[in-house]
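Enquirer: Sending over a structure as structure tokens; questions will come in a sec.
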Amino acid sequence: MPKLLLIGLGGCCGALARFLIADLAHRWIASAFPIGTLAVNILGCCAMGAVMGLINDKGVLGPSAQWLIVIGFLGSFTTFSALGYETLALFNESQLLLAALNAVGNYVLGIGAVLLGRLIVHATMA
32 MPKLLLIGLG GCCGALARFL IADLAHRWIA SAFPIGTLAV NILGCCAMGA VMGLINDKGV
92 LGPSAQWLIV IGFLGSFTTF SALGYETLAL FNESQLLLAA LNAVGNYVLG IGAVLLGRLI
152 VHATMA
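Residues are numbered in the numbering used here as their position in the sequence shown, beginning at 1, plus a constant of 31.
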């Protein structure tokens with residue numbers, strides 16, 4: 032199956048799974064806390080660790096599985112899983128400063144970018 036089709040199929044399934052799991056979590060635990068996002072991010076990180084272990088450490092999954100599951104499904108399910116994996120990879124390569132910069136940079140700059148986006152909308156649509 033062509034690479035883009037695998038990625039698209041995985042992405043479609045990941046987006047649907049994200050919605051269903053987040054919705055279920057919010058129904059199960061009614062709270063102002065974004066429990067659905069937390070649940071999806073934790074599940075996605077666990078899945079990323081398992082799948083990348085099967086690909087890199089065990090060699091039992093090939094490129095097609097990586098395109099379908101990692102880039103497609105997990106890419107749309109949660110990008111937090113990629114952040115977790117990449118930060119851990121840097122840590123395992125003894126690139127501690129880069130690992131810390133990656134984690135902190137993504138959080139701080141990501142939250143800052145959300146704020147900037149909102150400010151732009153409010154400034155241009157006032």
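Glycine included, each C-beta is placed from N, C-alpha and C at the ideal position.
Values in this document were obtained by computation on a predicted structure and should not be read as measured data.
For the structure I just gave you, are there three or more beta carbon pairs, one from the stretch 127-141 and one from the stretch 69-76, closer than 8 Å?
Expert: Because the criterion of three Cβ pairs below 8 Å is not met, the stretch 127-141 and the stretch 69-76 do not touch.
Enquirer: Could you check how far apart the C-beta atoms of residue 103 and residue 39 are, in whole angstroms? I think they sit under 8 Å.
Expert: What you label residue 103 is simply residue 72 of the sequence shown in a count that begins at 1. What you label residue 39 is simply residue 8 of the sequence shown in a count that begins at 1. Between residue 39 and residue 103 the Cβ distance is about 7 Å, and since that is below 8 Å, they are a contact.
Enquirer: Once DSSP output is grouped into helix, strand and coil, what is the label at residue 94?
Expert: Translated into the one-based positions of the sequence shown, residue 94 becomes position 63. Looking at residue 94 - three-state DSSP - the assignment turns out to be helix.
Enquirer: Return the Cβ separation of residue 13 and residue 82 in integer angstroms, given the expectation that the two are a contact with Cβ distance under 8 Å.
Expert: Nothing about residue 13 can be read from this structure; the chain reaches only from 32 to 157.
Enquirer: Does residue 148 pass the burial test, meaning 16 or more other C-beta atoms within 10 Å, or should it be called exposed?
Expert: Start at 1 with the first residue of the sequence shown, and residue 148 comes out as number 117. Classification for residue 148: exposed.
Enquirer: Once the 5 residues before and after residue 111 are set aside, which same chain residues still bring their CB inside 7 Å of it?
Expert: Numbered from its first residue, the sequence shown carries residue 111 at position 80. Contacts found: 72, 75, 76.
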